[in-house]
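In UniProt numbering, the protein residues as written are 1 to 1121.
Written as structure tokens, this is what we have:
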């Protein structure tokens, strides 16, 4: 080596060892030149041997030198200095290509090692130069060197600003390496996997669909070639799933998402995966399941996603820096499910999970694992916090309350700086300003929100599957500023429409999000139309609402809301046919909104607002003189839950004759679903974390049964004779209800009150507008009625009424208003007349033996009232002017009155023949523990026994009436008479109960049993027909519950009766029920009429009428056939 070459080493020799090597042996090179060649060969041999080992085991992205070995006996800088000083001339390398290729390879590897130790990018550039020099000289090693050079490029690109040209070079080198490597080379699977992963990454930046096609091809081949026990197998399957998910987002082929989930299932089953790795794979599987749910809306997928994410969190070691990522993913899945199912437990758990994730973010190291924002829409922690904070029930269950969104932002660890993540960050900040504006109404907050959302749209790469979110955010805040500002800048609303239009364009029809985007777009057009009406905007408003409503993949509740807006828009444009189409679609969506996959209580919570829209639709139909359409809609929109439960008890004999196997399968699923849907709902506050998994399993099993039931139901309807199986009753079927009597459906909403009449024998459906009454008056009368009852203290049977306590009105006023404004006009429309002879023939008389039944006369006609809304709480059956002594001033002078929850309820399959009558079960509770004594209940049942009925009467009195015994006997009896206290639970109707000696017999227990012989239930208890004001159209009371249990005829009370009146009513009722010697359930309405008339006349005050008198006889009512 020349002196010049020697001196050139000095600047690099910062390590003393290199100085000693060169200085102590100065001059030896000149004396013994052959020693230099030997030393060079030895060092080079050691290096090449080490490198060969490295490449056989190293991960393709990261090449390591051995922890120990000959090469570490020298400083790397010393070795680099020696190699640089000894670099042969170019001509010499050309003469010895193998030696030159090895030299450049060695220099490249040492340069990479220096980068790994120091992080200096200059070393990576030096490595790339060395590997590039080695490539033309590689010969048989070309594939190997191509691969090494490509991996070095990828590391360099990862650490610098993306250079498309350099990335293209890396991909080309990887392609060349894969082409050159032999089919049986053990490195081929890992090389294929790296090439596929690189093409997938390039697609994310370029959007070139060919890249993702090729990526999947290479990744599939890599996974196929990799043995099951290879440690890299799970990683390869995970990358394949990622690529398939990307293509699903681009092209919408559900097979790609299915294959991605299959790959992840296989990956999680690999035995070689560590706990941490398996947890991350489970996380990826959960994300994929959530994406598929967001794509096609199958609830089973989001259920599986929640379970999988929980498993991932449990499996991940508590100290792992990635744990917070899994917690956020779990919170996202729970929030996503809450959006679909509305179960408050999901939101509560999401809030707690998110709190733990944020706590870990703030307490972890300075560089926690970054959060990939590409995966799911609901992953953003701000979104989850806002949802949690916006729900009082969820907020009340957080440990100490999760950190605020500002605290999340202060952590500074939610993004890693890629365009996608920056866009998500800008979107998140915009959402926070929007939230601030909602509280402050400071337009400067809204301006800031718009600026950040604009930045999010700019940053989000074109073609990214979630860019619609940024566009939606921008469209929303622009619409809000236009709506709230005085200036009404057209640029704002035009920009909102443009943003929503682009978002709609980006979303395929299979994405549920498209429904919301179409809805928001329609609303933006509507805002512009209100400000500046044009036919084009009117058409666009209606058209987009309609499209949102008809998109099958959309969330049912969003579609339902779109139907309402569609019909409203059509009516404003006087397009009645389009409005009817919108309302028809809305009615068809009710079973999807109020889904059988939820418990009865959960469905009741979702149904509160449905009644308002149904009544509006009915009012519109009646205004347009379409009573048949109005009645059809009312039947579809009322008593929804009870009808669903009754559909689970439909006899299947006809289906079994047609298709036995399908009938058996349907019955099996139906019975299981019936049991699942009548189970008790569990409040979020009542669920411990230990019980969460078992509750989750029960709820998921319920939802799967509902999905299977829906699937089988569609199969049944494909049979020619069953195309209408369990569909809502047609108008022709509803007409058949008139065989039971005149049916009067009363509906009141806002300024209108209407009656829909099915006059017996006419076959016609008529409309009668009640000009003197309205929805407003009905609500006022209902409130007055409630105040009167509260002041009268009639909450429980046996309580002593109190009068004059804070009530200035009276029953006579309420009943007279109902007579003049509602009942009298209906009687006139039905053309019913009072007959003096008939009234005379039905008068009661006294004999020496006391009260007797009247001589039978010509039967009175029957009116079956079907009140809706606030009218459901009013005693229409007792309407009249009771200060008049002449006949013709009360409804009882014209007809026998019954009630029904719906017309459909009258049309259930007929009860078993009375020839199979078995027995009557009577239960009395004169001294129920911890409740007021009811001594007359014992007298009441004794009066029934004294009737000497020609059937077996089983009497369970006092302690004999234990809950288990009554439950067992009630299912074996045709008629049941319950004289006891009762508890009405309007918000949890299945918990309504009859109070027995050793506990409560809940309605849920009765309903869950089979009642094959059930006909009549006489509920001589307290307020057994009183419902919930919020669910006035759902009949959530004990009487309706007994109907659902199978009792087609029910005697009940609107409020608690006087204890002494029970025996009187019971005695007259049962004697009339056995006229002719045989039990006949169809006589129930007339029998109660006679009994109540007797009680009314017996107790009439000698002078004047009082509220106390009305309170005694008015509460008794009959429901059903």
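Glycine residues also receive a C-beta, built at the ideal position from the N, C-alpha and C atoms.
- prompt: In or out: residue 403 buried (at least 16 other Cβ within 10 Å) or exposed?
  reply: Position 403 of the chain shown, counting from 1, holds the residue named residue 403. Low confidence applies to residue 403: its pLDDT is 32, below 50, so where it sits in the model is not reliable enough to give any reading.
message: I need the straight-line Cα distance from residue 930 to residue 884, nearest angstrom please.
response: What you label residue 930 is simply residue 930 of the chain shown in a count that begins at 1. What you label residue 884 is simply residue 884 of the chain shown in a count that begins at 1. Approximately 44 Å, taken between the alpha carbons.
field: CA nearest to the CA of residue 1005, picked from 1015, 1014, 994
entry: Indexing the chain shown from 1 puts residue 1005 at position 1005. The shortest CA-to-CA distance from residue 1005 to any of 1015, 1014, 994 is the one to 994.
task: Please classify residue 131: does DSSP put it in a helix, a strand, or coil?
output: Stepping through the chain shown from its first residue, residue 131 is reached at position 131. In the structure shown, residue 131 adopts helical secondary structure according to DSSP, grouped into three states.
message: Runs of 4 residues minimum, wholly inside the segment 1075-1111: which ones carry the alpha helix (DSSP H) assignment?
response: Fully enclosed alpha helix (DSSP H) runs of 4 or longer: 1084-1099.
query: residue 955: which of 982, 920, 126, 933 sits nearest, CA to CA?
result: Along the chain shown, read from residue 1 onward, the residue named residue 955 stands at position 955. Comparing alpha carbon positions, the residue from 982, 920, 126, 933 closest to residue 955 is 920.
- prompt: Looking at the unbroken beta strand (DSSP E) that takes in residue 1047, where does it start and where does it end?
  reply: In the chain shown, residue 1047 corresponds to position 1047, counting from 1. Per DSSP, residue 1047 belongs to no beta strand (DSSP E) and is neither H nor E.
message: In whole angstroms, give me the CA-to-CA distance for residue 947 and residue 1082.
response: As a first step, residue 947 must be located in the chain shown, where it is residue number 947. As a first step, residue 1082 must be located in the chain shown, where it is residue number 1082. Looking at the two C-alpha atoms, the distance is approximately 19 Å.
message: Considering only the alpha carbon of each residue, which of 291, 311, 154 lies closest to residue 336?
response: Start at 1 with the first residue of the chain shown, and residue 336 comes out as number 336. Among 291, 311, 154, the Cα nearest to that of residue 336 belongs to 291.
field: Beta-bridge partners of residue 1053, as assigned by DSSP
entry: Residue numbering aside, residue 1053 sits at position 1053 when the chain shown is read from its first letter. DSSP lists 1116 as partners of residue 1053.
- prompt: Touching or not, the segment 701-720 and the segment 662-669, by the rule of three or more beta carbon pairs under 8 Å?
  reply: The answer is yes - the segment 662-669 touches the segment 701-720, with three or more Cβ pairs under 8 Å.
C-alpha gap between residue 67 and residue 118, whole angstroms: Here residue 67 refers to the residue found at position 67 of the chain shown. Here residue 118 refers to the residue found at position 118 of the chain shown. Residue placement at residue 67 is poorly supported in this model, since its pLDDT is 32, which falls under 50; the coordinates still yield a value, given next. The straight-line gap separating the alpha-carbon atoms of residue 67 and residue 118 is approximately 17 Å.
Distance CB(residue 1039)-CB(residue 1060) smaller than 8 Å: Walking along the chain shown from the start, residue 1039 turns up at place 1039. Walking along the chain shown from the start, residue 1060 turns up at place 1060. It is not a contact, given that the beta carbons lie outside the stated cut-off.
Beta-carbon proximity check, residue 282 vs residue 315, cutoff 8 Å: Stepping through the chain shown from its first residue, residue 282 is reached at position 282. Stepping through the chain shown from its first residue, residue 315 is reached at position 315. Contact: yes.
- prompt: Would a C-beta distance cut-off of 8 Å place residue 492 and residue 482 closer than the cut-off?
  reply: Reading the chain shown from its first residue, position 492 is the one you call residue 492. Reading the chain shown from its first residue, position 482 is the one you call residue 482. Yes. Within cutoff.
Buried versus exposed, by CB contacts within 10 Å (16 or more), residue 657: Position 657 of the chain shown, counted from the start, is the residue given in the question as residue 657. Flag for residue 657 reads exposed.
- prompt: Which of helix, strand or coil does DSSP assign to residue 903?
  reply: Here residue 903 refers to the residue found at position 903 when the chain shown is read from its first residue. Taken through DSSP and simplified to helix, strand or coil, residue 903 comes out as coil.
query: Around the Cβ of residue 1101, are there at least 16 other Cβ atoms within 10 angstroms (buried) or fewer (exposed)?
result: Looking up residue 1101 in the chain shown gives position 1101. By the Cβ-count criterion, residue 1101 is exposed, with fewer than 16 other Cβ atoms from all chains shown falling within 10 Å of its own Cβ.
- prompt: Leaving out five residues before and five after residue 972 in sequence, what residues of the same chain have Cβ atoms less than 6 Å from its Cβ?
  reply: Within the chain shown, numbered from 1, the residue matching residue 972 stands at position 972. Closer than 6 Å at the Cβ level, and outside the excluded window around residue 972, lies no residue.
Proximity of residue 917 and residue 966 at Cβ, strictly below 8 Å: Taking the chain shown and counting its residues from 1, the one referred to as residue 917 is at position 917. Taking the chain shown and counting its residues from 1, the one referred to as residue 966 is at position 966. Contact flag unset, no.
field: Backbone secondary structure at residue 767 - three-state DSSP
entry: By 1-based counting over the chain shown, the position of residue 767 is 767. Residue 767: strand per DSSP, three-state reduction.
query: Rounded to whole angstroms, how far is the Cβ of residue 582 from the Cβ of residue 611, which I believe are closer than 8 Å?
result: To locate residue 582, count along the chain shown from 1; it is residue 582. To locate residue 611, count along the chain shown from 1; it is residue 611. The pair is not a contact, with the Cβ atoms about 18 Å apart (cut-off 8 Å).
- request: Count the C-beta pairs between the segment 534-541 and the segment 549-561 that are closer than 8 Å, then say yes if the count reaches three, no if not.
  value: The segment 534-541 is not in contact with the segment 549-561.
task: Take residue 472 as the anchor and find which of 487, 496, 449 has the nearest alpha-carbon.
output: The residue you call residue 472 lines up with position 472 of the chain shown. The residue with the shortest Cα to Cα distance from residue 472 is 496.
Proximal residues to residue 565 (C-beta, below 6 Å), its chain only, five neighbours per side dropped: In the chain shown, residue 565 corresponds to position 565, counting from 1. 545, listed in sequence order.
- prompt: Within 10 angstroms of its Cβ, does residue 699 collect 16 or more other Cβ (buried), or is it exposed?
  reply: Here residue 699 refers to the residue found at position 699 of the chain shown. Buried.
Bridge partners - residue 1020, DSSP secondary structure assignment: Position 1020 of the chain shown, counted from the start, is the residue given in the question as residue 1020. Answer is 979, bridged to residue 1020.
field: Neighbourhood of residue 580 by C-beta, 6 Å cutoff - its chain only, sequence neighbours within 5 removed
entry: Taking the chain shown and counting its residues from 1, the one referred to as residue 580 is at position 580. Contacts found: none.
message: Taking 7 Å as the limit between beta carbons, can you name the residues of its chain near residue 1109, skipping five residues before and five after?
response: Within the chain shown, the letter at position 1109 stands for residue 1109. Excluding positions up to five away in sequence, the list reads 1099, 1100, 1101.
query: Of the choices 894, 1071, 112, whose alpha-carbon is the least far from that of residue 944?
result: Translated into the one-based positions of the chain shown, residue 944 becomes position 944. Taking only the C-alpha atoms, the option nearest residue 944 is 1071.
message: I need the straight-line Cα distance from residue 651 to residue 1118, nearest angstrom please.
response: Position 651 of the chain shown, counted from the first residue, corresponds to residue 651. Position 1118 of the chain shown, counted from the first residue, corresponds to residue 1118. Taking the straight line from one Cα to the other gives about 26 Å.
message: Going by C-alpha to C-alpha distance, which of 148, 456, 159, 758 sits closest to residue 176?
response: The residue you call residue 176 lines up with position 176 of the chain shown. Ranking the options by Cα distance to residue 176, first place goes to 148.
field: residue 1076, buried or exposed, once every other Cβ within 10 Å from all chains shown has been counted against 16
entry: Translated into the one-based positions of the chain shown, residue 1076 becomes position 1076. For residue 1076, the number of other beta carbons within 10 angstroms of its own is below 16, and it is reported as exposed.
task: Name the residue from 109, 900, 959 whose alpha carbon lies nearest to the alpha carbon of residue 1131.
output: This structure gives no information on residue 1131, because the portion of the chain shown stretches from 1 to 1121.
query: Name the DSSP beta bridge partners of residue 897, please?
result: Walking along the chain shown from the start, residue 897 turns up at place 897. Note: residue 897 sits in a beta bridge opposite 863.
query: What does a CB cutoff of less than 6 Å around residue 988 pick up in its chain, not counting 5 residues either side in sequence?
result: Within the chain shown, the letter at position 988 stands for residue 988. Beyond the five residues adjoining it in sequence on each side, residue 988 comes within less than 6 Å, by CB distance, of 601 in the same chain, given in chain order.
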